[in-house]
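Read left to right, the sequence shown gives residues 221 to 496 (the numbering used here). Just so you know, even glycine gets a beta-carbon here, dropped at the ideal spot from N, CA and C. Quantities reported herein were computed from a predicted structural model and do not represent experimental measurements. First comes the structure, then the notes that go with it.
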Amino acid sequence: MMKQLTEADKACYRDYGYHTPIDVMSQATAFRLLKEFEQAEVDFPEALGPFGRNNAHLTFMCLDEIAHNEVILDSVEDLLGPDFYLWGSVLFIKEPESDGFVTWHQDATYMGLMPHDFVTVWLALTVSNEEAGCMRVIPGSHLNGIKDHEDTFDEHNILTRGQRIADIDEHQAIDVVLRPGQASLHHPRLIHGSRPNCSGHRRVGVALQSYVASHVRQTVGTHYALPVRGCELDDSIVHLQRPNSDMNPIDVSQREKVNRNYSQILYRGADQIRGY
Ligand SMILES: O=C(O)CCC(=O)C(=O)O
């Protein structure tokens, strides 16, 4: 029996590679989490700034709360089954009227996880609409394998390598518009990207990237995973711990270790390595 999605939602994910929106939490709860997050940004700027956007759920309680939200986990369970772990998270923040953008890409290209039985949940903590540079997706593009990506390392490209797939027919793109507290789900091979934020407010998105079925393995680096639902992970996987408090030293050192490994995986074969 489905826990959160309908059969039609599941069919949409299967056929088009995404599903949106999911009402994960009230706007009031999203606002409370945004305020906690913004206070944490003030208190620990390096840990959450542009170079601190990876795996912050391992060191901040508000992000740990999001990563373990029951509506999110139930939605993921409807797609992956009852056993899955969280591989990582990325903060996708675009400041008001800023140049940052995301080129067309497929997440699975550099993650090293096989097979592709995993899903990204992108939760909006602020309005994410066309003006604010919401995520855009090419429906059905997950069905055609991994395309060639070229690294651009463009200054304003907020992807690690500024990787991009050329020659996308943008007429096919759909805007994923979300209110605070809503989320979308996308498949690891779905082609997606986003434009700059032309609005007067921040666009704050938390990508739980990704929730991964327990049989999936890391083919490149060390396999770190945070068990989140039902999974008995074997000894080939290093189990991560949830944080105890914001920036607790034990949690910080765990996150540093995970981020070093994460960077080696995501930048393998690249000419340059950025600080995120
Ligand atoms: O936040 C964005 O604009 C892009 C997000 C993205 O590429 C992702 O979640 O995989």
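{"Check": "Do the region 228-240 and the region 355-367 touch if we need at least three Cβ pairs shorter than 8 Å?", "Outcome": "yes"}
{"Check": "Taking three-plus beta-carbon pairs below 8 Å as touching, is the region 416-436 in contact with the region 311-318?", "Outcome": "yes"}
{"Check": "Could you compute how far the alpha carbon of Phe-321 sits from the alpha carbon of Asn-417?", "Outcome": "8 Å"}
{"Check": "Could you tell me the distance, in whole angstroms, from the CA atom of Ser-419 to the CA atom of Leu-446?", "Outcome": "35 Å"}
{"Check": "So is the beta-carbon of Gln-429 under 8 Å away from any non-hydrogen atom of ligand 1?", "Outcome": "yes"}
{"Check": "How would you call Ser-473, buried or exposed, if buried means at least 16 neighbouring beta carbons within 10 angstroms?", "Outcome": "exposed"}
{"Check": "How do the region 247-258 and the region 390-398 stand: do at least 3 beta-carbon pairs fall below 8 Å, yes or no?", "Outcome": "no"}
{"Check": "Would Glu-452 and Asp-294 qualify as a contact pair, given that the criterion is a beta-carbon distance under 9 Å?", "Outcome": "no"}
{"Check": "Are there 16 or more other CB atoms within 10 angstroms of the CB of Leu-363, so buried, or fewer, so exposed?", "Outcome": "exposed"}
{"Check": "Ends of the beta strand (DSSP E) at Asp-403?", "Outcome": "In the sequence as presented, Asp is not what sits at residue 403; that position holds Ala. Looking at the DSSP string, the run of the beta strand (DSSP E) that includes Ala-403 is 402-406."}
{"Check": "Met-334 by DSSP, collapsed to three states: which one?", "Outcome": "strand"}
{"Check": "Using DSSP with H/G/I as helix, E/B as strand and the rest coil, what is Pro-265?", "Outcome": "helix"}
{"Check": "Shortest alpha-carbon distance to Met-221 belongs to which of Leu-283, Leu-299 and Leu-268?", "Outcome": "Leu-299"}
{"Check": "For the beta strand (DSSP E) containing Pro-241, list its first residue and its last residue.", "Outcome": "238-243"}
{"Check": "Say the cut is 8 Å; is the CB of His-406 nearer than that to a heavy atom of ligand 1?", "Outcome": "yes"}
{"Check": "Pop quiz: Arg-475 and Leu-278 are said to be a contact at Cβ under 8 Å. What is the actual Cβ separation, rounded to whole angstroms?", "Outcome": "4 Å"}
{"Check": "State whether the region 363-383 contacts the region 317-337, with contact taken as three or more CB pairs (one from each stretch) at a distance under 8 Å.", "Outcome": "yes"}
{"Check": "Any chance you could list the alpha helix (DSSP H) runs of at least 4 consecutive residues sitting entirely within the region 296-345, in chain order?", "Outcome": "328-331"}
{"Check": "Hey, is Thr-240 close to ligand 1, as in C-beta under 8 Å from one of its heavy atoms?", "Outcome": "no"}
{"Check": "Can you list, in chain order, the residues of its chain whose CB lies under 6 Å from that of Val-397, leaving out five sequence neighbours each side?", "Outcome": "Asn-349 and Cys-354"}
{"Check": "What residue range is occupied by the uninterrupted alpha helix (DSSP H) comprising Pro-469?", "Outcome": "469-486"}
{"Check": "In whole angstroms, what separates the C-alpha of His-336 from that of Glu-261?", "Outcome": "33 Å"}
{"Check": "Is Arg-423 helix, strand or coil when you go by DSSP?", "Outcome": "strand"}
{"Check": "Just how far apart, CA to CA, sit His-412 and Gln-461?", "Outcome": "31 Å"}
{"Check": "Beta-carbon within less than 7 Å of Tyr-482's beta-carbon, same chain only, minus the 5 sequence neighbours each way: which residues are those?", "Outcome": "Asn-274, Asn-275 and Gly-308"}
{"Check": "By a C-beta neighbour count over all protein chains shown, 10 Å radius and 16 as the cutoff for buried, is Arg-449 buried or exposed?", "Outcome": "buried"}
{"Check": "Excluding sequence positions up to five away, which residues of its chain have a Cβ less than 8 Å from the Cβ of Asn-479?", "Outcome": "Asn-274 and Asn-275"}
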